[in-house]
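So the sequence shown is numbered by my numbering: it starts at 2 and just counts up by one.
Everything below concerns the one structure shown next.
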Amino acid sequence: MAALIGMAPPAPANPKERAPAGAPFAWIRTNFGQPPPEDANEDTIRTYTRVYLWYMISRTLFPDSGGKLAHWCWLKALTVLEHRWSWGTAALAYLYRQLDEACRRTGSRTGSGGIGGCMLLLSVWSWDRLSVGRPRVLNERPWPHHHENLDREPTWAYLWDNVSEMTSDPKIMYRQYTAELDTLTAEQVEWEPYGSYYHIGAGMADLNHKCTEEARFWRMRCPLICMWLVEHHQPHRVMRQFGLYQECPPQWQDTDKELHRLDRQRQRKITNWPVHHSGHVAAFLHCLEATRNAGPVEIVPHDLAAFNNYLEWFHENTRIELVKHAYAEDILDDPIEFDEVAQSQHDTFARRGRSTSIASELNFVRTEIQKTAHECEIMWEQSGRDEKPVGPLRHFIKNTARKMRRLANLLGCREGEIPTSSSSEEREHTSKQAPRSAYQLKPRGKAPNRYTPEDYVNRGKKVVIEEDEGPPRRSSLSRMRNDEPLSSEEDEQEEQEEQQQQEPRQRTKRMAVRKQPVRTARRGRH
Numbered sequence: 002m003a004a005l006i007g008m009a010p011p012a013p014a015n016p017k018e019r020a021p022a023g024a025p026f027a028w029i030r031t032n033f034g035q036p037p038p039e040d041a042n043e044d045t046i047r048t049y050t051r052v053y054l055w056y057m058i059s060r061t062l063f064p065d066s067g068g069k070l071a072h073w074c075w076l077k078a079l080t081v082l083e084h085r086w087s088w089g090t091a092a093l094a095y096l097y098r099q100l101d102e103a104c105r106r107t108g109s110r111t112g113s114g115g116i117g118g119c120m121l122l123l124s125v126w127s128w129d130r131l132s133v134g135r136p137r138v139l140n141e142r143p144w145p146h147h148h149e150n151l152d153r154e155p156t157w158a159y160l161w162d163n164v165s166e167m168t169s170d171p172k173i174m175y176r177q178y179t180a181e182l183d184t185l186t187a188e189q190v191e192w193e194p195y196g197s198y199y200h201i202g203a204g205m206a207d208l209n210h211k212c213t214e215e216a217r218f219w220r221m222r223c224p225l226i227c228m229w230l231v232e233h234h235q236p237h238r239v240m241r242q243f244g245l246y247q248e249c250p251p252q253w254q255d256t257d258k259e260l261h262r263l264d265r266q267r268q269r270k271i272t273n274w275p276v277h278h279s280g281h282v283a284a285f286l287h288c289l290e291a292t293r294n295a296g297p298v299e300i301v302p303h304d305l306a307a308f309n310n311y312l313e314w315f316h317e318n319t320r321i322e323l324v325k326h327a328y329a330e331d332i333l334d335d336p337i338e339f340d341e342v343a344q345s346q347h348d349t350f351a352r353r354g355r356s357t358s359i360a361s362e363l364n365f366v367r368t369e370i371q372k373t374a375h376e377c378e379i380m381w382e383q384s385g386r387d388e389k390p391v392g393p394l395r396h397f398i399k400n401t402a403r404k405m406r407r408l409a410n411l412l413g414c415r416e417g418e419i420p421t422s423s424s425s426e427e428r429e430h431t432s433k434q435a436p437r438s439a440y441q442l443k444p445r446g447k448a449p450n451r452y453t454p455e456d457y458v459n460r461g462k463k464v465v466i467e468e469d470e471g472p473p474r475r476s477s478l479s480r481m482r483n484d485e486p487l488s489s490e491e492d493e494q495e496e497q498e499e500q501q502q503q504e505p506r507q508r509t510k511r512m513a514v515r516k517q518p519v520r521t522a523r524r525g526r527h
């Protein structure tokens, strides 16, 4: 370090203490906070320039979770000032890795979950798209335009230059933000904040031309390299934000878990990272050259049906909830004991004021509704193949009603438990139908699917599921999903086909069952 800038911070007083991995920002400001002397030679000016760049990129592009040190590795990258590094891709790779380590609480030795990287970039990206944590924009400050130098025009981040400050407790805001993220739906996201693909940046009249002059590289699939870090850039999984067609499922790409185990503190023996990552460096240069020499690219615009298919796939293969469910999965299977519910972790935290969010209850209710819908779907399909469907359907409907009543009671209602049996006939039917295995429902608490290369290979030629391209004869359930009303002709045709396939005895039984509610209603009126 002394060879690059002429001095170094003092060594620790205790020889057993490990030397810091960088220089404190306070030390840099003390020794290089003032401009160089007027009679300084060229080497001194270059030293001050190098330290200034080192300080700036360490505070903005590559800050660590501690926020106190400027690491030596960034100073080494400035050994030759004329060297053209890809600072943008390096900053993006560093931010990706910091987000990954913060989510897994592996970014620091204490496991505190601190985060580094360019927080300004992350904040502007989030504020443009999500309402969670978005500050209030104050009066816009006038920009000192330099028409003779267009490189000094404002960037997109200038739209968030003057905003209100957040002064609340970070722990409280953390719980509030995670709860709001869980309640957010796809319809509440601003997918194209910069404009459509051919009009990106049109919303800002005086946008700096530097922001859009390299637009052809935005969708380049390549490794992002930053010293010891390698992260894969996969824009094909977020084509919606470009206003383009979203393939489902997106092409699978191995992110190589071994790369995430590399760390400059654990692998101290590796001193030449460009040589160690030579394969990824060559891949990046190849992608760069291919994009520069590529001709006009065919653009497929955004398709709503394709994007809805992608969201359905995404929900099935990814974890989308941050807050734990309020109650256990099987709590609705038995009558609710409210004294025991009061001792649950969710209700205990709520009484102590540690958790007042509705997200945990919403996630629980959403899961229960989804499970019930799956169970109803199975019963609907199997009842059409059963010789005597009325009894099992009645039993299933009553069990579902009990679960919905218990769910309402968990959310604050206080209605009595639905009786287990209302007549000897139902008790007899329940005892007879108990061992039936034809109505086994889907297991609860099923883990999400795992995205594998076979998902993309076996995706087939048909990506978008169009409603008007279904099979000639669809079941009633599929039409219910598509909100398609049953026509009278189709209804009569299905009923005739069912009657032809059934025996006369079964048909008589079904007709008797249909007339039964009418007789019951007539007796009720008298």
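Just so you know, even glycine gets a beta-carbon here, dropped at the ideal spot from N, CA and C.
Contacts around residue i, its chain only, beta-carbon distance under 7 angstroms, and the 5 residues preceding and following it disregarded
i           : result
residue 13  : 20
residue 164 : 136, 137, 138, 139
residue 361 : 324, 325, 326, 327, 347
residue 311 : 247, 249
residue 217 : 292
residue 153 : 147
residue 5   : 51, 76, 80
residue 29  : 52, 56, 71
residue 245 : 198, 300, 301, 302, 303
residue 230 : 94, 95, 98
residue 242 : 192, 193
Spatial distance of residue i from residue j (CA atoms)
i           : j           : result
residue 328 : residue 418 : 19 angstroms
residue 69  : residue 55  : 13 angstroms
residue 424 : residue 389 : Only weak support exists for where residue 424 lies, its pLDDT of 49 falling under 50; the value from the coordinates is given anyway. Rounded to whole angstroms, residue 424 to residue 389 spans 19 angstroms at the Cα level.
residue 236 : residue 273 : 29 angstroms
residue 195 : residue 371 : 35 angstroms
residue 339 : residue 184 : 26 angstroms
residue 141 : residue 309 : 37 angstroms
residue 96  : residue 119 : 6 angstroms
residue 121 : residue 61  : 8 angstroms
residue 367 : residue 385 : 28 angstroms
residue 304 : residue 186 : 19 angstroms
residue 45  : residue 76  : 16 angstroms
residue 301 : residue 307 : 12 angstroms
residue 133 : residue 9   : 43 angstroms
residue 285 : residue 239 : 20 angstroms
residue 3   : residue 82  : 17 angstroms
residue 398 : residue 407 : 14 angstroms
residue 351 : residue 161 : 35 angstroms
residue 223 : residue 256 : 11 angstroms
residue 331 : residue 341 : 14 angstroms
residue 221 : residue 353 : 50 angstroms
Opening and closing residue of the beta strand (DSSP E) in which residue i lies
i          : result
residue 23 : 23–25
residue 70 : 70–72
Host alpha helix (DSSP H) of residue i (start-end)
i           : result
residue 92  : 88–104
residue 363 : 360–384
residue 207 : Looking at the DSSP string, residue 207 is not in any alpha helix (DSSP H), and its letter there is neither H nor E.
residue 183 : 171–184
residue 409 : 391–411
residue 35  : Element bounds for residue 35: n/a, residue is neither H nor E.
residue 346 : 346–353
residue 414 : It is not in any alpha helix (DSSP H) - residue 414 carries neither H nor E in the DSSP assignment.
residue 257 : Run containing residue 257: none; DSSP gives neither H nor E here.
residue 197 : From DSSP, residue 197 is part of no alpha helix (DSSP H); its letter is neither H nor E.
residue 287 : 279–294
residue 60  : 43–61
residue 190 : Looking at the DSSP string, residue 190 is not in any alpha helix (DSSP H), and its letter there is neither H nor E.
Neighbour-count burial assignment, residue i, 16 or more Cβ in a 10 Å radius
i           : result
residue 259 : exposed
residue 526 : The pLDDT assigned to residue 526 is 41, lower than 50, so where the model puts this residue is not dependable; a value taken from the coordinates is nonetheless given after this. By the neighbour-count rule (16 or more Cβ atoms within 10 Å), residue 526 is not buried but exposed.
residue 200 : exposed
residue 290 : exposed
residue 281 : buried
residue 88  : exposed
residue 86  : exposed
residue 15  : exposed
Neighbourhood of residue i by C-beta distance below 6 angstroms, restricted to the same chain and skipping five residues each side
i           : result
residue 225 : 90, 93, 94, 232, 234
residue 271 : 277
residue 59  : 71, 75
residue 156 : 209, 212
Residue i CB to nearest heavy atom of the ligand PLP below 6 angstroms
i           : result
residue 276 : Among the components of this structure there are no ligands whatsoever, and the ligand PLP is therefore not found.
Cutoff 7 angstroms: residue i Cβ touching any chain D Cβ
i           : result
residue 320 : In summary, chain D is missing from the structure at hand, where a single protein chain is found.
Contact set for residue i: own chain, Cβ-Cβ below 8 angstroms, skip 5 residues either direction
i           : result
residue 315 : 321
residue 7   : 48
Kindly provide the ranges of any beta strand (DSSP E) runs that are 3 or more residues long and lie completely inside the segment 220–246, ordered along the chain.
-> 223–227, 230–234
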